[in-house]
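Mapping the sequence shown onto the working numbering, position 129 (from 1) lands on 129, and the numbers just tick up by one. Notes follow once the structure below has been shown.
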Amino acid sequence: MDSEMARVAVRAPPFWETNPELWFIQLESQFKPAGISTDETKFHTVFAALDSKVLSCIADIVRNPPSDAMYDALKTRILRHFSQSESTKLRVLLQDLQLSDVKPSRLVQGVRNLAAGNTVDVLKSIWMQRHPTSIQQILSVSKDSLDGLA
């Protein structure tokens, strides 16, 4: 089997202000097949993918990039500026996520996405609170995992 990988051009997706971490994951997944491994090339690839609104928020680091770890400095600055604070994530988790017509399994996935890094017990508790009281009583006696309950 041939161990060489064909190089492909990076097609950066539009920047996601609402989820910059996932945007970086998607962009970075293109670096290896494109043969991008140097810090400077990563920096300039990200720079080229950003619109003027984002660039204006990080102008100082773009104008004067550090000599070492340019890409990491740029990524850290973007994530710090555009990522939701933990309190905002918690507010969304506790208030904004509604059950409505969503299937329970999709609600669980939504809770997981918002609570990345929080414990399973907290997720289960929040997920159960989104159900009517009668359903909560039934679910509370179950020993099933969150996925099993969904």
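C-beta atoms are modelled at their ideal positions from N, C-alpha and C, and glycine is treated no differently. Bear in mind the structure is a predicted one, so any value in this text is a computation, not a measurement.
Near LYS75, what residues of its chain come up, given a Cβ to Cβ distance below 8 Å and the 5 sequence neighbours on each side ignored?
Hits under 8 Å: PHE24 and VAL46.
I need the straight-line Cα distance from GLN109 to ARG130, nearest angstrom please.
Distance between the alpha carbons of GLN109 and ARG130 is about 13 Å.
Exposed or buried, what is LEU79 when buried is set at 16 or more other beta-carbons lying within 10 Å of its beta-carbon?
LEU79 should be labelled exposed.
Report back the beta-carbon spacing between VAL10 and GLN30 to the nearest angstrom; my notes put them in contact at under 8 Å.
With 8 Å as the limit, VAL10 and GLN30 qualify as a contact, their Cβ atoms being about 5 Å apart.
Label SER3 either buried or exposed according to how many other C-beta atoms from any shown protein chain fall within 10 Å of its C-beta, with 16 as the threshold for buried.
Note on SER3: pLDDT 47, under 50, position unreliable in the model; no value is reported.
Taking buried to mean at least 16 other C-beta atoms within 10 Å of its own C-beta, is VAL141 buried or exposed?
It counts as exposed.
Just reading off the alpha helix (DSSP H) that LEU27 is part of, what are its end residues?
First-last of the alpha helix (DSSP H) with LEU27: 20-28.
Count the other CB atoms within 10 Å of the CB of ILE58; is the residue buried (16 or more) or exposed (fewer)?
By the 10 Å Cβ count, ILE58 comes out buried.
Quick one: Cα of GLN84 to Cα of ALA12, how far?
Cα-Cα distance, rounded: 22 Å.
Going by CA-CA distance only, name the one from HIS44, SER37, PRO66 and VAL54 that's closest to TRP16.
Considering only alpha carbons, the answer is VAL54.
According to the Cβ coordinates, are ASP183 and MET70 closer than 8 Å?
The requested residue 183 is not part of the displayed model; the chain covers only 1 to 150.
Looking at the secondary structure, which residues open and close the alpha helix (DSSP H) in which ILE135 lies?
Element bounds for ILE135: 133-140.
Out of curiosity, what's the CA-to-CA distance linking SER105 and PRO20?
Distance between the alpha carbons of SER105 and PRO20 is about 25 Å.
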